[in-house]
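In order, the protein sequence lines correspond to chains A and B. Residue numbers for the first sequence follow the working numbering, so the first one is 1 and each next one is one higher. Residue numbers for the second sequence follow the working numbering, so the first one is 351 and each next one is one higher. The structure appears below as structure tokens.
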Amino acid sequence: MELEDFLKEITEGDGVSGYEESIAAAVARAFSPYVAEVRRDNLGNLIIYIKGKGAPAPRIMFCAHMDEIGFIVTSITEKGFLRFGTLGGFDLRTLPGQEVTIHGKEKYPGVIGRLPPHLRKGEKEKKAPELEDLFIDTGLFPEAVRAGIEVGAVVAIRRDMIALRHRCRAGKAFDDRAGVAVLWQCARELSRMEHEADVYLVATVQEEVGVRGAVVSTYGLAPDLGVAVDVCHGDFPGALEHEVSPLGKGPVITSGPNIHPRLYERLLAVASDYKLPHGKDVSPGPTGTDARAIQVSREGIPAALLSVPLRYMHTSVELLDLDDMKGAGRLLAFFAAGVDRAFVEELTCF
Amino acid sequence: MFLRELSELPGVSGNEGRVRDFIREKLSAWGIRHDCDALGNLYAYKGDGATGAALNLMLAAHMDEVGLMVSAIEKSGHLRFYKVGGIDEQFLVSCPVYVGNAGIPGVIGAKAVHLQKKEERGKPLEVDNLYIDIGAKDKDDAAKVIKVGDYVSFAARAATFADTFKGKALDNRAGCAALLEILQRDFPGSFTAVFTVQEEIGSRGARAAAYRLNPRMALVVETTIAADLPDVEEKDQVTLLGKGPAFTLQDDSLIVHPRILERLMAVAQGKGIPCQFRRFTGSFTDGGSISQTREGVPTGVISTPCRYLHGPASLLCLDDWRNLVEVVDGFIDSVMAKGL
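Spelled out as structure tokens, the structure:
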């Protein structure tokens with residue numbers, strides 16, 4: 001299996017925030033050949049353990065969230081249309097016409113509907129849709145809908161991964177299964193390396209609804225340092241230059257108050273030593289990633305953030321470059337291989 | 351039934367070649383005489399050409415679908431586009447497409463919700479602010495596989511949801527599929543089925559086809575709006591899925607000939623087939639241009655109701671489509687037996 005195959009497998013599956021079971025199973029299967037142990041914690045975080053040679057070994061945690069934004073059925077109309085709420089942040093304008101999978105008694109396909117143009121005249125025409133303007137159409141008779149789908153059923157966007165030019169790929173849930181795939185690449189690289197540190201790779205849950213999985217996984221593992229692997233905004237026409245990073249120029253290393261300066265420096269040094277293309281980014285406050293939770297866990301844990309540039313975040317056509325992911329996986333592995341007791345001890349020297 | 355294949359083929363107005371080739375291949379295989387005119391309309395001549403020739407019945411379904419056309423390539427390699435026909439803009443964002451005859455995959459993205467200001471989020475996304483991303487490195491890289499003027503169609507697979515059929519371009523591949531079904535059956539006399547071009551940009555192909563055939567009467571087989579959706583009052587629903595094929599009374603281009611309408615209703619009633627009226631006077635079909643050709647042609651329109659028309663995931667009820675085929679079949683028999 002190659003990185004692309006793994007990305008395809010896990011992004012075509014469903015794992016909406018709080019309902020990550022099936023995606024966790026797929027992720028666990030793919031990691032197991034390369035690692036010592038795979039387990040779930042109390043909230044469902046998938047914890048993958050790679051043993052190091054050190055005695056005692058420094059403890060490193062790399063995490064990426066495996067949940068995706070999605071929907072939950074809030075009511076079923078008399079005629080069998082589903083009303084829904086959102087789990088995570090959507091731009092509702094991107095939803096009409098999108099195909100979905102409804103996780104009822106079985107899996108049902110559906111389409112997100114909205115009124116046709118002749119019924120949107122006047123004020124509605126000039127406005128973006130609101131949640132009450134949208135509904136899910138299963139194409140089933142109302143009795144069949146009620147027999148198979150209940151309020152509370154979880155709904156995920158359906159999208160097959162699309163191969164675009166060169167190494168670009170588009171699809172759903174790349175935020176942040178691309179990060180999970182980066183961890184997988186890192187595990188494969190590490191399996192060919194000598195390293196002192198014990199490495200814990202964590203596929204976290206419930207990031208999109210408030211960075212929750214990383215809170216408990218960090219507490220549970222109590223690592224010496226943690227790196228969140230997530231996506232950042234890729235460049236597109238009309239974007240403000242400081243808000244985006246180019247695709248195909250490597251992963252992006254973030255600095256700012258959420259990031260331990262020495263981890264930032266080390267990541268940059270490793271990238272430069274191994275001639276791995278990379279970009280830089282700054283974040284003036286707590287980042288909107290798992291790094292936010294890592295830093296303030298227990299008595300404080302040095303945190304860093306490595307990101308893969310991604311265009312059209314939170315749509316079903318999120319777009320990235322596979323080589324940026326591969327580069328991120330290699331950078332993490334070389335970084336992990338360089339961590340020893342001395343480096344970890346220095347992190348508290350201010 | 352070839353609805354699946356026809357739905358998945360690209361065929362934006364002015365670029366119907368793939369659809370035409372598919373239909374022509376079937377006609378050849380079935381030994382049905384056919385030809386094309388200068389605009390690209392495809393004519394299928396059913397029967398020996400002599401029996402029932404005086405009736406000179408024309409059936410028509412358009413092959414084209416709404417889509418986009420590349421208008422410029424940006425420095426970054428992103429593609430700007432025009433709309434071809436009345437595409438429903440709300441379906442464009444977050445949408446995969448195929449560009450050009452080589453079918454280069456692309457996506458129409460949107461600025462990430464995190465980067466939008468609140469007032470931006472409240473307004474609809476407009477075509478002027480959208481572009482197609484094929485993953486090109488820059489303009490030169492994109493220009494290796496794309497040129498300005500390339501047609502763009504939705505990239506969407508067809509599927510069956512229980513008794514509902516989902517796909518793009520159901521308007522009007524559902525009509526094309528119905529005519530193909532009809533052409534495989536036996537009738538007592540001759541008629542011509544025309545697969546027309548460029549309906550969606552103003553019913554341009556049908557005008558030439560009707561002039562060429564000079565029919566005594568015409569029946570347009572179409573797809574129409576079903577707005578049987580939440581919070582829509584019954585009077586605004588136009589048609590309902592599952593309630594049978596819809597007969598047009600009038601639209602912006604045509605008032606249906608009363609004797610054709612009566613005959614369609616009589617046929618449906620005689621066969622015990624549920625049917626409904628299209629309760630909307632807007633929009634147009636090939637019926638308008640055919641009826642005003644030469645000295646005028648009595649024309650009727652029968653449609654399969656369809657939700658989310660002009661989008662990547664339209665839905666129709668297969669029973670409605672099957673019933674439409676039966677009414678068209680009965681109509682042909684009826685006018686052949688006793689004229690209008």
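Built from N, CA and C at the ideal position, the CB exists for glycine as well. For clarity, every value in this text was computed on a predicted model and none was experimentally measured.
Any C-beta of chain B under 8 Å from that of residue i
i: A/M161; result: no
i: A/H65; result: no
i: A/L319; result: yes
i: A/S316; result: yes
i: A/Q185; result: no
i: A/M325; result: no
i: A/V155; result: no
i: A/L119; result: yes
i: A/V308; result: no
i: A/P284; result: no
i: A/K127; result: yes
i: A/E243; result: yes
i: A/H103; result: no
i: A/F236; result: yes
i: A/E4; result: no
Sequence-distant residues of its chain with Cβ nearer than 7 Å to residue i (five each side left out)
i: B/A576; result: V588, T589, L590, L591, P655, C656, R657
i: B/H660; result: V416, G436, I437, D438, D521
i: A/I112; result: L95, P96, G97, Q98, V100, L134, I136
i: A/Q295; result: N258, I301, A303
i: A/E37; result: Y49
i: B/R562; result: D387
Residue j beta carbon less than 8 Å from that of residue i
i: A/D314; j: A/D175; result: It is His, not Asp, that sits at residue 314 of chain A in the sequence shown. Contact: yes.
i: B/R370; j: B/M413; result: yes
i: A/T424; j: A/N258; result: Only positions 1 to 350 of chain A appear in this structure, which leaves residue 424 of chain A out of reach.
i: B/V571; j: B/A508; result: no
i: B/L356; j: B/R523; result: yes
i: A/P56; j: A/V344; result: no
i: B/Y448; j: B/A411; result: no
i: A/E196; j: A/G54; result: yes
i: B/L690; j: B/R613; result: yes
i: A/T204; j: A/H65; result: yes
i: B/V457; j: B/P446; result: yes
i: A/D340; j: A/A156; result: no
i: B/M686; j: B/L405; result: yes
i: A/A271; j: B/P455; result: no
i: B/T573; j: B/G525; result: yes
i: A/L320; j: A/A178; result: yes
Cβ neighbours of residue i in the same chain (closer than 6 Å, five flanking residues each side left out)
i: B/C386; result: L392
i: A/E94; result: Correcting the residue type first, residue 94 of chain A is Thr in the shown sequence and not Glu. Same-chain partners within the cutoff: T315.
i: B/H428; result: Y481, D483
Neighbour flag for residue i against chain A, beta carbons, 8 Å
i: B/K516; result: yes
i: B/I482; result: no
i: B/G485; result: yes
i: B/L659; result: yes
i: B/F541; result: no
i: B/D387; result: no
i: B/D602; result: no
i: B/G291; result: The requested residue 291 of chain B is not part of the displayed model; chain B covers only 351 to 690.
i: B/V420; result: no
i: B/D478; result: no
i: B/E424; result: yes
i: B/S503; result: no
Counted within 10 angstroms of its Cβ, other Cβ atoms place residue i as buried (16 or more) or exposed
i: A/R29; result: exposed
i: B/W380; result: exposed
i: A/G300; result: exposed
i: B/R554; result: buried
i: A/C168; result: buried
i: A/K172; result: buried
i: A/D185; result: Residue 185 of chain A is actually Gln in this sequence, not Asp. When all chains shown are included, A/Q185 counts as buried.
i: A/K51; result: exposed
i: B/M419; result: buried
i: A/Y274; result: exposed
Nonlocal neighbours in the same chain, by C-beta distance under 8 Å from residue i, ignoring five residues either side
i: A/P116; result: none
Partners in chain E for residue i, counting only beta-carbon separations shorter than 7 Å
i: B/I575; result: The structure shown contains no chain E; its protein chains are A and B.
Problem set entry | Secondary structure, beta strand (DSSP E): runs of 3+ residues fully inside the stretch 511-585 of chain B | Fully enclosed beta strand (DSSP E) runs of 3 or longer: 514-517, 541-546, 567-575.
For this session: Report the residue ranges of all alpha helix (DSSP H) runs contained in full by the stretch 207-291 of chain A; include only those spanning at least 4 residues, in chain order.
Result: Counting only runs of 4 or more residues that sit fully inside the stretch 207-291 of chain A, the alpha helix (DSSP H) segments are 213-221, 261-273, in chain order.
Exercise. Which full runs of the beta strand (DSSP E) of 3+ residues lie inside the stretch 102-142 of chain A, going along the chain?
Worked result: Runs of the beta strand (DSSP E) lying entirely within the stretch 102-142 of chain A, each at least 3 residues long, are 107-113, 135-137 in chain order.
Problem set entry | Complete alpha helix (DSSP H) runs within the stretch 12-96 of chain A (minimum length 4 residues, chain order) | Counting only unbroken stretches of 4 or more residues, the alpha helix (DSSP H) elements lying wholly within the stretch 12-96 of chain A are 21-31, in sequence order.
Problem set entry | Sequence ranges, beta strand (DSSP E) only - wholly within the stretch 577-628 of chain B, length at least 3 | Taking only runs of at least 3 residues, the beta strand (DSSP E) segments lying wholly in the stretch 577-628 of chain B are 596-598, 626-628.
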